[in-house]
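In the working numbering, the protein residues as written are 58 to 154.
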């Protein structure tokens with residue numbers, strides 16, 4: 058499956074992510090998180106949903122782990138000169154558009 062949001066392209070088969078034809082190296086968790094968000098473009102995805110789908114939620118996992126990984130993705134994807142794609146929706150979760 059190939060997912061695309063603006064100039065960000067994710068290829069599930071090859072596990073490659075590119076933005077503006079620049080290859081972006083992601084860890085497996087970062088890739089899974091981005092893939093999940095990109096499968097729901099413009100939809101607000103809650104932290105709880107992300108914890109359950111990406112981290113197979115358990116009571117020991119803090120919801121802050123989602124915020125930390127979103128930060129990692131933002132630093133890699135929303136690089137200088139590019140419009141931000143990952144958005145926080147205060148009190149609800151995250152969206153990519």
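C-beta: ideal position from N, C-alpha, C; glycine also.
Quantities reported herein were computed from a predicted structural model and do not represent experimental measurements.
Residues near residue i in its chain [Cβ-Cβ closer than 8 Å; skip 5 each side]
i: residue 92; result: 60, 67 and 69
i: residue 144; result: 151, 152, 153 and 154
i: residue 135; result: 141, 142 and 143
Counterpart residues of residue i in DSSP-defined beta bridges
i: residue 81; result: 74
i: residue 145; result: 151
Spatial distance of residue i from residue j (CA atoms)
i: residue 141; j: residue 99; result: 13 Å
i: residue 149; j: residue 115; result: 20 Å
i: residue 133; j: residue 82; result: 8 Å
i: residue 104; j: residue 125; result: 11 Å
i: residue 112; j: residue 85; result: 11 Å
i: residue 146; j: residue 102; result: 9 Å
Extent of the continuous beta strand (DSSP E) to which residue i belongs
i: residue 65; result: 65-68
i: residue 61; result: 59-62
Element boundaries [alpha helix (DSSP H), containing residue i]
i: residue 128; result: 121-134
i: residue 110; result: 104-111
Three-state class that DSSP yields for residue i in the structure shown
i: residue 100; result: coil
i: residue 93; result: helix
i: residue 21; result: Coverage of the chain is limited to positions 58 through 154, which leaves residue 21 absent and any answer about it impossible.
Own chain, CB closer than 7 Å to residue i, minus 5 neighbours either side, in chain order
i: residue 64; result: 76 and 77
i: residue 139; result: 76 and 77
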